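A quick write-up on the structure given underneath.
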Amino acid sequence: MSDTVVYDAGALLAAERNDRRFLVRHRRLVQHEDRLLVPAPVLAQVWRGGRRQVMLSRMLRACDVVTTTETVARSAGVLLASSGTSDAVDAIVVATALAERAVLVATSGPDDIELLFGDPAIHVKPGLLVV
Numbered sequence: 001m002s003d004t005v006v007y008d009a010g011a012l013l014a015a016e017r018n019d020r021r022f023l024v025r026h027r028r029l030v031q032h033e034d035r036l037l038v039p040a041p042v043l044a045q046v047w048r049g050g051r052r053q054v055m056l057s058r059m060l061r062a063c064d065v066v067t068t069t070e071t072v073a074r075s076a077g078v079l080l081a082s083s084g085t086s087d088a089v090d091a092i093v094v095a096t097a098l099a100e101r102a103v104l105v106a107t108s109g110p111d112d113i114e115l116l117f118g119d120p121a122i123h124v125k126p127g128l129l130v131v
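Shown next, in the form of structure tokens:
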């Protein structure tokens, strides 16, 4: 059975800059047939189009870009309130990970993501893959 992994903007930027360490890990996840998710707001945060995003485009072929449902959006708002933070995209990443029962969140901002997972009501937290 495959696992679910949620990518935040840092993971997409790592692909864009051709970060070998991240791309090797990404290929392993693909080979393991893990379900790789990119919340649509994360893609909007990073996507600029053009040639410089060729590696990002290639990486995205193995990912599902998921829409943000009302339920996820509301959960993200609650996470923002309980953490005292204000980055809605990070909160959507965390809310998506929780809704999809992800085992990993790939991020370049582990401290920000950890704050959002800090709510004591969250009993099962995904691991962090720092990129």
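In my numbering, the protein residues as written are 1 to 131.
Where is the CB? At the ideal position from N, CA and C, for every residue including glycine.
Bear in mind that the values here come from a model prediction, so they are computed numbers and not experimental data.
Under 9 Å between C-beta atoms of residue i and residue j
i: residue 129; j: residue 95; result: no
i: residue 32; j: residue 2; result: yes
i: residue 30; j: residue 104; result: no
i: residue 37; j: residue 64; result: yes
i: residue 35; j: residue 71; result: no
i: residue 15; j: residue 58; result: yes
i: residue 100; j: residue 66; result: yes
Nearest candidate by alpha-carbon position, reference residue i, set the options
i: residue 27; options: 60, 116 and 126; result: 60
i: residue 69; options: 92, 114 and 112; result: 92
i: residue 131; options: 4, 3 and 24; result: 24
i: residue 85; options: 114, 54, 32 and 55; result: 114
i: residue 9; options: 109, 124, 127 and 125; result: 109
i: residue 78; options: 122, 62 and 101; result: 122
i: residue 90; options: 116, 51 and 14; result: 116
Residue range of the unbroken beta strand (DSSP E) whose run includes residue i
i: residue 39; result: 35-39
i: residue 130; result: 127-130
Cβ neighbour criterion (16 or more within 10 Å) applied to residue i
i: residue 44; result: exposed
i: residue 39; result: buried
i: residue 81; result: exposed
i: residue 120; result: exposed
i: residue 42; result: buried
Cα-Cα separation, residue i to residue j
i: residue 22; j: residue 124; result: 25 Å
i: residue 47; j: residue 18; result: 15 Å
i: residue 111; j: residue 83; result: 12 Å
i: residue 127; j: residue 11; result: 15 Å
Residue range of the alpha helix (DSSP H) that includes residue i
i: residue 77; result: 70-83
i: residue 96; result: 88-99
i: residue 9; result: 9-16
i: residue 103; result: Run containing residue 103: none; DSSP gives neither H nor E here.
Neighbour flag for residue i against chain B, beta carbons, 9 Å
i: residue 108; result: Going by chain labels, chain B is absent from the structure shown, which holds only one protein chain.
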